[in-house]
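Peer 1:
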Amino acid sequence: EPEVTQTPSHQVTQMGQEVILRCVPISNHLYFYWYRQILGQKVEFLVSFYNNEISEKSEIFDDQFSVERPDGSNFTLKIRSTKLEDSAMYFCASSEDPQIAGAQYFGPGTRLLVL
Amino acid sequence: AQSVSQHNHHVILSEAASLELGCNYSYGGTVNLFWYVQYPGQHLQLLLKYFSGDPLVKGIKGFEAEFIKSKFSFNLRKPSVQWSDTAEYFCAVNANNAGNMLTFGGGTRLMVKP
Chain L
86 EPEVTQTPSH
96 QVTQMGQEVI
106 LRCVPISNHL
116 YFYWYRQILG
126 QKVEFLVSFY
136 NNEISEKSEI
146 FDDQFSVERP
156 DGSNFTLKIR
166 STKLEDSAMY
176 FCASSEDPQI
186 AGAQYFGPGT
196 RLLVL
Chain C
93 AQSVSQHNHH
103 VILSEAASLE
113 LGCNYSYGGT
123 VNLFWYVQYP
133 GQHLQLLLKY
143 FSGDPLVKGI
153 KGFEAEFIKS
163 KFSFNLRKPS
173 VQWSDTAEYF
183 CAVNANNAGN
193 MLTFGGGTRL
203 MVKP
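Respectively, the protein sequence lines represent chains L and C. Each residue of the first sequence is one higher than the one before, counting from 86 in my numbering. Each residue of the second sequence is one higher than the one before, counting from 93 in my numbering.
This is how it looks when you write it as structure tokens:
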């Protein structure tokens, strides 16, 4: 069964550094998403991406965040200048058309720790 | 803004017991509803989904959920749990006027004693 994959599984960085989290969505999916889960809190939506542009984003997804689909397979989340409060598990997801019964399938996550 | 509540944070059951996990959401319009499961050390996996039609939805591993629109609920059930069902269970909602974003509940951690 096809799966969403994410790299790295863990990342430790210093405050102020840039990080890039990588995802390979399921190959026939066209909708891509990032979510995060701060320890002890709910899974929160960050951004959705379709047809090479952001289709919606949450208040969390400020100017420090960006997403990109640099080639036909990867989908990345960049945090330009990390803050302590960016420490969280970041999940990538992908789906077929979500309005036609396309459920979102999640990757294993990247655990980001900002020191 | 939509919100999702899972009132049971921790549930402990013995094998063969029946399971019902509550999920309530706050949104008056059309919704798509999901249950995800996260086994220890693994990623979120889709258990079942409801988009339309029969409000009783059957998923994988013997799980089912019932959408009761009047109660804004989508409770997850399994008649007889197994030790391997030990996991965290997440309810999620997509409101049709909120794009494609999922709003998650806080999760219910289920432990099944052998």
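A virtual CB, placed ideally from N, CA and C, is assigned to each residue, including glycine. Note that the coordinates shown come from a computational prediction; the quantities given were computed from them, not determined experimentally.
(1) Does any CB atom of chain L fall closer than 8 Å to the CB of L138/C?
(2) When the Cα of V60/C is compared with those of A184/C, N188/C and G191/C, which residue comes out closest?
(3) Count the CB pairs spanning the region 185-196 of chain L and the region 133-142 of chain C that are closer than 8 Å, and state whether there are at least three.
(4) Below 7 Å on C-beta distance, what does H135/C contact in chain L?
(5) Return the residues of the region 115-130 of chain L that lie within a Cβ-Cβ distance of less than 9 Å from chain C, sorted by chain order.
(6) Can you tell me whether N186/C is buried or exposed, with buried defined as 16 or more other CB within 10 angstroms of its CB?
(7) Using the Cα positions of D146/C and Q149/L, report the straight-line distance between them to the nearest angstrom.
(8) What is the residue span of the beta strand (DSSP E) that A179/C lies within?
(9) Measuring CA to CA, which of G133/C, T122/C and A108/C is closest to N188/C?
(10) According to DSSP, is E138/L part of a helix, a strand, or is it coil?
(11) Can you look up Q134/C in the DSSP assignment and give me helix, strand or coil?
(12) Looking at chain L, which residues of the region 174-198 of chain C have a Cβ within less than 9 Å of any of its Cβ atoms?
(13) On the DSSP bridge list, what partners appear for Y175/L?
(14) Might you give, ordered along the chain, the residues of its own chain that have their beta carbon closer than 8 Å to the beta carbon of E141/L, omitting 5 neighbours on each side?
(15) F182/C to V152/L, Cα distance in whole Å?
(16) So, is the C-beta of F150/L closer than 8 Å to a C-beta in chain C?
(17) Could you check whether the Cβ of F159/C sits closer than 8 Å to any Cβ belonging to chain L?
(18) Beta strand (DSSP E) containing A157/C: first to last residue?
(19) Using 8 Å as the threshold, is the C-beta distance between T200/C and N124/C below it?
(20) For a test of the three-state rule: what should DSSP assign to E112/C, helix, strand or coil?
(21) Taking the straight line between their C-alpha atoms, what separation do you get for V204/C and N192/C?
(22) Counting Cβ pairs closer than 8 Å, one from the region 105-116 of chain L and one from the region 160-179 of chain L, do we hit at least three?
(23) Please classify P183/L: is it buried, with 16 or more other beta-carbons within 10 angstroms of its beta-carbon, or exposed?
Peer 2: On the basis of the coordinates in this document:
(1) Look at L138/C: its C-beta is under 8 Å from a C-beta on chain L.
(2) Since the first and last residues shown for chain C are 93 and 206, residue 60/C lies out of range.
(3) These segments touch.
(4) Under the 7 Å cutoff, chain L gives F191, G192, P193 and G194.
(5) Going along the region 115-130 of chain L in chain order, one finds Y116, Y118, Y120, Q122, Q126, K127, V128, E129 and F130 with a Cβ nearer than 9 Å to chain C.
(6) Here N186/C is buried: its Cβ has 16 or more other Cβ atoms, across all protein chains shown, within 10 Å.
(7) So the alpha carbons of these two residues sit roughly 43 Å apart.
(8) A179/C -> beta strand (DSSP E) spans A179 to A187.
(9) Ranking G133/C, T122/C and A108/C by Cα distance to N188/C puts T122/C first.
(10) Three-state result, E138/L: strand.
(11) If DSSP states are grouped into helix, strand and coil, Q134/C belongs with coil.
(12) Within the region 174-198 of chain C, the qualifying residues are F182, A184, N186, N188, A190, G191, N192, M193, L194, T195, F196, G197 and G198.
(13) R121/L and T195/L.
(14) The residues are V132 and S133.
(15) Distance between the alpha carbons of F182/C and V152/L is about 26 Å.
(16) Chain C, which has no Cβ nearer than 8 Å to the Cβ of F150/L, makes this no.
(17) Proximity of F159/C to chain L, defined by a Cβ-Cβ separation below 8 Å, is not satisfied.
(18) Its beta strand (DSSP E) spans residues E156 to I160.
(19) In this structure, N124/C does not lie closer than 8 Å to T200/C by Cβ.
(20) Annotated three-state conformation of E112/C is strand, per DSSP.
(21) One C-alpha to the other measures close to 34 Å.
(22) The region 105-116 of chain L makes contact with the region 160-179 of chain L: 3 or more CB pairs, one atom from each, lie closer than 8 Å.
(23) With 16 or more Cβ atoms within 10 Å of its Cβ, P183/L is classed as buried.
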